[in-house]
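What follows is a set of notes on a single structure, which appears directly below.
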Amino acid sequence: MRIATYNVEWFTNLFDRHDRLLEDRQWSGRQDVTRAEQLGALGIVFSALDADAVMVIEAPDSHDHRSTVRALENFAAHYGLRARRAQHGFKNQTQQEIALLYDPDTLACRHDPMGDPTGKSGAFEAPRFDGAFRIDLDVDADLDIVTFSKPPLEVACTAIASGTTFRMIGVHVKSKAPHAAETPDEVMRVAIANRRKQLAQCIWLRQRVESHLAANDPLILLGDLNDGPGLDEYEKLFGRSGVEIVLGDDGGPQLYDPHARLALSQRVGATPATARFYIHPERRYLQALLDYVMVSPDLRARDPSWRIWHPFDDPACYRVPELREALLQASDHFPVSVDIDM
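Everything in the sequence shown is counted per the numbering used here, starting at 1483 for the first residue and increasing by one.
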């Protein structure tokens, strides 16, 4: 079975207000890429992935007049994908939803949020992801209230052929850029505050992970953590990255992602990359490891095989010009997949 995660840059811009595909020559949310070009590229990438399930990060918007599920299922039908059924969780206000696109012939999936609902006052121990988390972020004896702008998607899954059950948590955690800050001191203050919030969200995620590991639930946590070892100058200030928090330390059961472990094991040298951004002032591309598929120890024991669908780093992707160009046009992130015997 193939499980994947894919952050699709401004997927929502490719659908009209009735969730129909906009295959036209208007610009998409990607630089110098039309909506028709991005949709065509995405069709090629999703078809090549041929996954049983794809956790779509930055999925199309959902509100009173638009539906994430309808948009994704229209997309899947248009390109003849076998992963053609969509599952969505809690809506958010960012126009970047988290949703699962899966093959109903191989998987049964349902949104199954864990934890207790909270009011605005929040709770300390792994509350439901659409609620609020209470934590002292800056060790000043005053509790802070943390929320997710994009609540993680929790899915209960059953492999139809075998009856094997497992859980998935789709995540998109990011530290907001200090846009409103004007002076260097303000930029630093806001950036540190935002990073604290991001790490608190990762602690919240880790609490949920630990509850599943304690219950011996096979678990896959996947998506864009927008963070990793050595990613920015604030890591030394806080001691560890959000990725390290979610994976867990040596004191207990850990999640595993080989790309994350490789990056953690060497602070200097080549590391895998899942995203590629153009830096205009420097006229060059920056690559980063932002997307992960982390598995619990019982699933790791099934000898899974990971793959980053990078058009230049993966030889099979590079050798197929149509796929190589599609990966570059479709998004600023590349899919990450794991093949695992379920």
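We put the CB at the ideal spot given by N, CA and C, even for glycine.
Open item on the list: Considering Cα atoms alone, identify which of S1510, R1499, I1485, V1527 is closest to P1803.
Closed with: V1527
TODO: Give the C-beta separation of Q1769 and R1784 to the nearest angstrom, bearing in mind that I take them to be a contact with Cβ-Cβ under 8 Å.
DONE: So it is not a contact: roughly 30 Å between Cβ atoms.
- [ ] Leaving aside the five residues before and after D1618 along the sequence, list all residues of the same chain whose C-beta is less than 6 Å from its C-beta, in chain order.
- [x] L1625
Open item on the list: I need the straight-line Cα distance from I1651 to D1731, nearest angstrom please.
Closed with: 19 Å
TODO: Return the first residue and the last residue of the alpha helix (DSSP H) that G1574 is part of.
DONE: Correcting the residue identity first, residue 1574 is Asn in this sequence and not Gly. First-last for N1574: undefined, no H or E at that position.
Task: Helix, strand or coil at V1551 [DSSP, three-state] - done: helix
Open item on the list: If the criterion is Cβ atoms closer than 9 Å, does the pair L1707 and V1628 meet it?
Closed with: no
Task: Terminal residues of the beta strand (DSSP E) in which D1780 lies - done: Unbroken run through D1780 is the alpha helix (DSSP H), 1779-1782; no beta strand (DSSP E).
Task: Stretch pair the segment 1527-1540 + the segment 1577-1586: three plus CB contacts closer than 8 Å - done: yes
Task: Rounded C-alpha distance that separates A1682 from D1709 - done: 13 Å
Task: Helix, strand or coil at T1494 [DSSP, three-state] - done: helix
Task: P1711 versus A1745: straight-line alpha-carbon distance, rounded - done: Because the pLDDT of P1711 is 49, which lies under 50, any placement of that residue in the model is unreliable, and the question is left without a value.
Task: For R1789: DSSP bridge partner residues - done: S1819
Task: Cβ-based burial, S1549 [other Cβ within 10 Å; buried from 16] - done: buried
Task: Classification of H1500 by the beta-carbon crowding that lies within 10 angstroms, buried from 16 upward - done: exposed
- [ ] Give the straight-line distance between the Cα atoms of E1692 and I1580, rounded to the nearest whole angstrom.
- [x] 22 Å
TODO: Reducing DSSP to helix, strand and coil, say where V1691 ends up.
DONE: helix
Open item on the list: Distance check for A1558 and A1565, CA to CA, integer angstroms please.
Closed with: 7 Å
Task: Proximity of R1507 and Q1520 at Cβ, strictly below 9 Å - done: no
Open item on the list: By alpha-carbon positions, which one of T1665, L1635, M1483 ends up nearest to N1574?
Closed with: L1635
Task: Which of helix, strand or coil DSSP assigns to R1743 - done: helix
Open item on the list: Assuming contact is defined by CB atoms lying nearer than 9 Å, are R1649 and I1702 in contact in what I supplied?
Closed with: yes
Task: Pairwise C-alpha distance: D1823 and P1786 - done: 7 Å
Task: Nearest residue (CA-CA) to L1589, options K1679, G1562, V1637, T1756 - done: V1637
Open item on the list: Taking a contact to mean a Cβ-Cβ separation below 9 Å, would you say R1690 touches M1596 in this structure?
Closed with: yes
Open item on the list: Which same chain residues end up closer than 7 Å to L1504 when comparing Cβ atoms and leaving out the 5 residues on each side of it in sequence?
Closed with: L1496, F1497, D1498, R1517
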